[in-house]
Amino acid sequence: MPKRNVAWILVIAVITLLMWQLPQKIAERDVIYRAFGPLADARAQIHKRHVNVTDDDELVRAAVDAGLRAMVAQLHDSHAIYLSQSEYERFRSRTDGVFGGIGVDVWLTPAGLEVLSRDPNSPAAQAGILPGDIITHIDGHAANALTLVDAVNNLLNGPPDTEAELTIVRPTDSVAKPPHVMKVRRTEIHVDSIRGWLRQGAGGWNYVLDPVERVAYVRLTKFTQDVDERLDSVMAGLLQQGLRGLILDLRDNTGGLLDSARETADRFLDAGLIVRTGGRRVDDKQWFAMRDGTYPAFPMVVLINGSTASAAEIVAGALRDHRRALVVGERSYGKGSVQEVVELDNNCGAIKLTTSYYFLPSGQCIDRTFRSGSKDAWGVMPTVEVVLSDRQRKKCVDAWREVTRELVPPASQPATQPTSETVDAAAASKRLLEADLQLKKGYELLLERLASGVPAESPATTQPGAN
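Residues are numbered in the working numbering as their position in the sequence shown, beginning at 1, plus a constant of 65.
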């Protein structure tokens with residue numbers, strides 16, 4: 066065929082394609098004009114009729130801000146949000162890891178924030194803050210007038226190299242003594258992502274809950290970048306001590322990094338699907354367990370509650386679906402979605418949109434949407450449900466506060482010597498098991514499996530959802 070004919074065929078094809086798409090483009094433009102026409106009309110009427118002179122830039126910014134927030138709100142997705150330019154800049158600084166703190170674990174009391182413990186080399190420790198101290202004010206703001214989250218995230222935490230002025234009441238001081246006022250310089254704080262059940266030594270933890278039956282307890286507070294390496298270190302020590310059973314506590318773990326969750330689940334599984342992601346406009350992705358690096362198949366219990374979310378739900382769900390562990394506690398939160406932050410043009414901020422969902426090995430979606438009811442499938446349902454009343458929950462929290470409190474020896478006693486409180490671990494574990502009914506149930510189930518000689522709930526090579 067002559068080249069001229071080929072060229073004409075291409076031209077005709079392009080024109081045909083444009084004519085076919087043109088009505089659709091015109092219709093889309095017409096929808097936009099109809100939607101935003103009232104805004105232009107309102108702007109014109111404001112300039113024409115309002116008694117005061119108005120700033121056009123401010124009107125436009127207000128209209129854009131309100132319109133974008135309303136648009137995202139129509140998605141009925143609690144994880145999809147619009148961020149103004151200033152909000153977006155703060156968001157980026159947090160996700161870039163430049164926010165810091167003073168290195169304390171605190172609990173909100175009627176008097177203020179009670180210091181439970183300090184990181185050994187933290188600004189708080191260097192400033193002389195002690196466990197048991199009550200932080201009554203932060204930069205002049207009364208701590209007991211705020212929620213725990215607001216007090217920590219918005220006042221205690223902040224950019225590194227900035228100062229927080231703290232007013233502190235020390236219970237051991239006389240009533241006549243005025244509160245301590247000190248300035249503490251914030252620094253980058255690394256999250257204590259792995260904890261045991263009882264404080265010991267300078268920043269150390271006791272992971273052995275029952276030395277006779279050799280049952281260990283490990284709490285994962287967050288899936289940080291190094292959590293799998295730290296878990297390997299803890300598990301190596303426990304296995305050397307002859308570990309026979311493990312309680313993995315994921316309660317109040319709100320998630321973290323997907324890769325860290327996948328690596329953690331992989332440590333307990335030697336085959337099978339761990340998690341899958343899928344969405345309307347993204348390709349499905351699957352992650353499978355590998356035999357290399359898998360821990361021995363000892364009996365195992367995982368504890369979850371209503372604040373177990375996201376990456377923590379992936380781990381709990383994978384271990385439950387593969388029948389590697391018994392899951393004890395309450396239904397998890399149901400945060401099983403992946404978000405992507407998209408910058409908008411003209412410095413108008415960004416929108417954070419849900420692009421895909423997490424699916425467990427069984428095929429169930431973790432995410433709970435605004436349409437989800439209590440009878441729908443979302444989150445992770447425990448194998449054995451133990452629901453705590455408000456009274457039982459408070460008793461549980463109080464017991465944990467005592468055993469995880471940093472123990473400081475009296476001034477007359479060398480810091481290297483343990484206090485009498487650290488020695489009586491058996492009595493402390495007994496009190497804790499009496500107060501924490503979810504832990505108690507998990508411990509009892511683990512003892513039953515040890516007595517029956519069952520290595521795990523069933524072989525770890527079970528592979529639901531692997532097809």
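For glycine and all other residues, C-beta sits at the position ideal for the given N, C-alpha and C. All values reported here derive from a predicted model rather than from experimental measurement.
Sixteen is the threshold: since fewer than 16 other Cβ atoms of the shown chains lie within 10 Å of the Cβ of Glu123, the residue is exposed.
In the same chain as Asp317, and ignoring 5 residues on each side of it, the C-beta atoms closer than 6 Å to its own belong to Ser372, in chain order. By the neighbour-count criterion, in which a residue is buried when 16 or more other Cβ atoms sit within 10 angstroms of its Cβ, Ile203 is buried.
Under the three-state reduction of DSSP output, Ser437 falls in the coil class, being neither helix nor strand.
Taken atom to atom, the span from the alpha-carbon of Ala131 to that of Pro225 is near 33 Å.
One alpha carbon belongs to Arg341, the other to Gly320, and they sit about 16 Å apart. A contact between stretches requires three or more CB pairs, one per stretch, nearer than 8 Å, and the segment 183-193 meets this requirement with the segment 245-261.
Asp238 sits away from Tyr282, with the two beta carbons spaced by 8 Å or more.
The segment 305-314 and the segment 339-355 do not touch, with fewer than 3 CB-CB distances between them shorter than 8 Å. Check the Cα spacing between Arg284 and each of Ala464, Val407, Val367, Leu304: the tightest is with Val367.
Of Thr434, Ala138, Ala492, Gly205, the smallest CA-CA separation from Gly177 is found for Gly205.
Arg389 places its beta carbon less than 8 Å from that of Leu334. CA-CA distance, Ala216 to Ala208, rounds to 6 Å.
Counting only the Cα atoms, Lys440 lies some 41 Å from Leu304.
Here the alpha carbons of Ser149 and Asp410 stand approximately 12 Å from one another.
Thr448 sits in coil when the DSSP states are folded into three classes, being neither helix nor strand. Between Thr329 and Arg385, the gap from beta carbon to beta carbon reaches 8 Å or more. In this structure the segment 501-515 touches the segment 447-466; the number of beta carbon pairs closer than 8 Å is three or more. Two segments are said to touch when three or more pairs of C-beta atoms, one from each, lie closer than 8 Å; by this definition the segment 358-365 does not touch the segment 398-409. Distance from the CA of Ala336 to the CA of Arg356, rounded to the nearest whole angstrom, comes to 6 Å. Pairing Val280 with Tyr508 gives a Cβ-Cβ distance under 8 Å. Membership of Ala383 in the alpha helix (DSSP H) is indicated by the continuous run 376-386.
Partner residues in the beta bridge of Met365, as assigned by DSSP, are Leu311. Beta-bridge partners of Ser402 (DSSP): Tyr422. Pairing Leu296 with Arg327 gives a Cβ-Cβ distance that is not under 8 Å. For the 8 Å CB-CB criterion, Thr419 and Val445 do not form a contact. With 16 or more other Cβ atoms from the protein chains shown falling within 10 Å of its own Cβ, Glu378 counts as buried. Taking the C-beta atoms as reference points, Val246 is found no nearer than 8 Å to Ile167. Selection Arg157, His144, Gly302 evaluated against Phe435 yields His144 as nearest (Cα-Cα). According to the DSSP assignment, Ala135 belongs to the alpha helix (DSSP H) that extends over 121-138. Counting along the chain, Thr286 sits inside no alpha helix (DSSP H), nor does DSSP assign it H or E at all.
If you look at Ala190, you'll find it in the alpha helix (DSSP H) that goes 188-192. The C-alpha of Gly394 lies about 17 Å from the C-alpha of Ser375.
Using a 10 angstroms sphere on the CB of Ala241, the tally of other CB atoms stays under 16, which defines it as exposed.
For Arg309, the closest alpha carbon among the candidates Asp275, Trp270, Ile233, Gly428 is that of Asp275. Under the three-state reduction of DSSP, Tyr147 is assigned to strand.
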